[in-house]
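Enquirer: In the numbering used here, the protein residues as written are 1 to 183.
Think of the CB as a built atom: it goes at the ideal place given N, C-alpha and C, for glycine as much as any other residue.
One structure, pasted below without further comment.
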Ligand code: SF4
């Protein structure tokens, strides 16, 4: 694809996995098309499915706070999910759905070409890094994939349930902030 709008148009009414049957709308990535920093979450939830925007529910509000604490804004970064359509009843995305949507995630990474990617939660980390390792093993250290440095961390929805893990996420985000501050 030549650019993100072309990819979004190509995906219109995408029927390539069974999530197409339950979604209200496809939730394409949002933000700066030339961002240095990309956040990749898991899957749209109810609010995202209704509004067609990623990370607009309570977890999204926490993500916004995290981004601003890093000294940047949602408009300066790019935010997308591992699967672009909402799983029914907010269940986890299934392997065949993640595999079906992976080319569209990878194409967004290629088009944005970020210097750093933060994956939020297990599904994003495992999809981006093409691994089955648990998030507890992956988070907090740099990986390299798709021409970018990748920092897996916990999902904001997990932090809402377990606030004691906020400190680890903040340590991860400081590493990302410091890396991006280097020329
Ligand atoms: S999740 Fe991805 S592959 Fe599945 S229908 Fe939606 S856009 Fe298509």
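CB of residue 98 to nearest heavy atom of the ligand SF4: below 6 angstroms?
Expert: no
Enquirer: Pick from 182, 142, 90, 170: whose alpha carbon is nearest that of residue 62?
Expert: Nearest of 182, 142, 90, 170 to residue 62, Cα basis: 170.
Enquirer: Among 20, 76, 119, 13, whose alpha-carbon lies nearest the alpha-carbon of residue 88?
Expert: 20
Enquirer: Is the beta carbon of residue 118 less than 7 angstroms from the beta carbon of residue 151?
Expert: yes
Enquirer: Between the segment 141-150 and the segment 51-66, do three or more beta carbon pairs fall short of 8 angstroms?
Expert: no
Enquirer: With a threshold of 6 angstroms, establish whether the CB of residue 46 neighbours any heavy atom of the ligand SF4.
Expert: no
Enquirer: Of all the alpha helix (DSSP H) runs that stay within the bounds of the segment 92-141, which reach a length of 4 or more residues?
Expert: 95-112, 122-129, 135-138
Enquirer: Is any heavy atom in the ligand SF4 found nearer than 6 angstroms to the beta carbon of residue 129?
Expert: Because no heavy atom of the ligand SF4 lies under 6 angstroms away, the Cβ of residue 129 does not count as near it: no.
Enquirer: Which two residues bound the contiguous beta strand (DSSP E) that contains residue 144?
Expert: 143-145
Enquirer: Rounded to the nearest angstrom, how far is the Cβ of residue 109 from that of residue 125, given a contact under 8 angstroms?
Expert: With 8 angstroms as the limit, residue 109 and residue 125 do not qualify as a contact, their Cβ atoms being about 14 angstroms apart.
Enquirer: With respect to 6 angstroms, is the separation between the Cβ of residue 80 and the closest non-hydrogen atom of the ligand SF4 below this value?
Expert: no
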